[in-house]
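Visitor: Offset between the sequence shown (1-based) and the working numbering: plus 16.
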Amino acid sequence: MLRMDKRLGSIIKAVDEAGIKKDTAFIVIGDHGHIDIQYKVHLNNILKEMGLIYEDRKTMKWRAYFQCNGGSAYLHIKKDDQEAERLTLNKIKEILSVGKYGIEDLYDRTDLDKLHIHKSIKYMVEAKRGYCFDESISNTTIEDLESQRKKYSTHGYIENKDNYKCNLLISGEMIKNNTSLENLAMVDVAPTIARLLGISFPNCDGKPIEI
Numbered sequence: 017m018l019r020m021d022k023r024l025g026s027i028i029k030a031v032d033e034a035g036i037k038k039d040t041a042f043i044v045i046g047d048h049g050h051i052d053i054q055y056k057v058h059l060n061n062i063l064k065e066m067g068l069i070y071e072d073r074k075t076m077k078w079r080a081y082f083q084c085n086g087g088s089a090y091l092h093i094k095k096d097d098q099e100a101e102r103l104t105l106n107k108i109k110e111i112l113s114v115g116k117y118g119i120e121d122l123y124d125r126t127d128l129d130k131l132h133i134h135k136s137i138k139y140m141v142e143a144k145r146g147y148c149f150d151e152s153i154s155n156t157t158i159e160d161l162e163s164q165r166k167k168y169s170t171h172g173y174i175e176n177k178d179n180y181k182c183n184l185l186i187s188g189e190m191i192k193n194n195t196s197l198e199n200l201a202m203v204d205v206a207p208t209i210a211r212l213l214g215i216s217f218p219n220c221d222g223k224p225i226e227i
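1) In the DSSP assignment, find the beta strand (DSSP E) that holds Met140 and state where it starts and stops.
2) Can you list, in chain order, the residues of its chain with a C-beta nearer than 7 angstroms to that of Leu112? Leave out the 5 residues immediately preceding and following it.
3) Give the range of the alpha helix (DSSP H) segment to which Gly25 is assigned.
4) Please confirm whether Ile69 and Tyr81 have their CB atoms less than 7 angstroms apart.
5) With 16 other CB atoms within 10 Å as the buried threshold, where does His58 fall?
6) Is the beta carbon of Ile53 closer than 7 angstroms to that of Thr170?
7) Near Pro207, which residues of its chain fall below 7 angstroms by C-beta distance, leaving aside the five closest residues on each side in sequence?
8) Determine which residues share a DSSP beta bridge with Glu159 and list them.
9) When you compare each of Lys37, Glu151, Thr104 and Gly115 to Arg145 by their alpha carbons, which one comes out closest?
10) Sort out for me which residues DSSP pairs Gly188 with in a bridge.
11) Taking the beta carbon of Leu213 as the centre, do at least 16 other beta carbons fall within 10 Å, making it buried, or is it exposed?
12) Between Ile158 and Tyr55, is the Cβ-Cβ spacing less than 7 angstroms?
13) Alpha carbon to alpha carbon, how far is Lys181 from Gly49? Give it in angstroms, no decimals.
14) Roughly how far, in whole angstroms, is the beta-carbon of Lys138 from the beta-carbon of Ile93, given that I think they are within contact range, below 8 angstroms?
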């Protein structure tokens, strides 16, 4: 933090010395929060046990697999493989019903549209607090990190989890003083910066913040 504070101070000083302070906005932003993790879940182990990930002539192949992002995982299904899709979804719903493997929820395309997830993703699962997902195949499906005395945290969860936020600070002579931004969406940041720069940014998911 001290190192970053010093760098920010150097930037502010350079702007001041260049005489462009009145035309400059300073923006400090984090891209995500972090959540402490106790259990790492190797989701693709489940699909391998179902025969949906398999080895053929010493090459790993798949009919379905999870692309893991820490706190969530995208489910990919081989094109037109309706059986693999049905088997995988039934397995996820079974897991949800018994509260196993740290899966908190399953999202379909309607849900993902609201979350601004890329259109190529059809399904996503989210991890419970204290759990994260790893896409590697492992000897153990659920890895207890605390028992191994490992300290670990990650991101990739849906933004409505408690105490899972990051900061956005915007300052400049054209910016309102002492204004709280409250809760805002990550997709609003880019159009806000575009407006400050005088750049047109049509057809984006977010909208400029009134600052």
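No residue lacks a Cβ here, since even glycine has one placed at the ideal position from N, Cα and C. Predicted model, so just to flag it, every value in this text is computed and none were measured.
Guide: Result, derived from the coordinates:
1) Tyr139 to Ala143
2) Ile119 and Leu122
3) Leu18 to Ala34
4) yes
5) buried
6) yes
7) Phe217, Cys220, Gly222, Lys223 and Pro224
8) Lys56
9) Gly115
10) Ala41
11) exposed
12) yes
13) 5 angstroms
14) 7 angstroms
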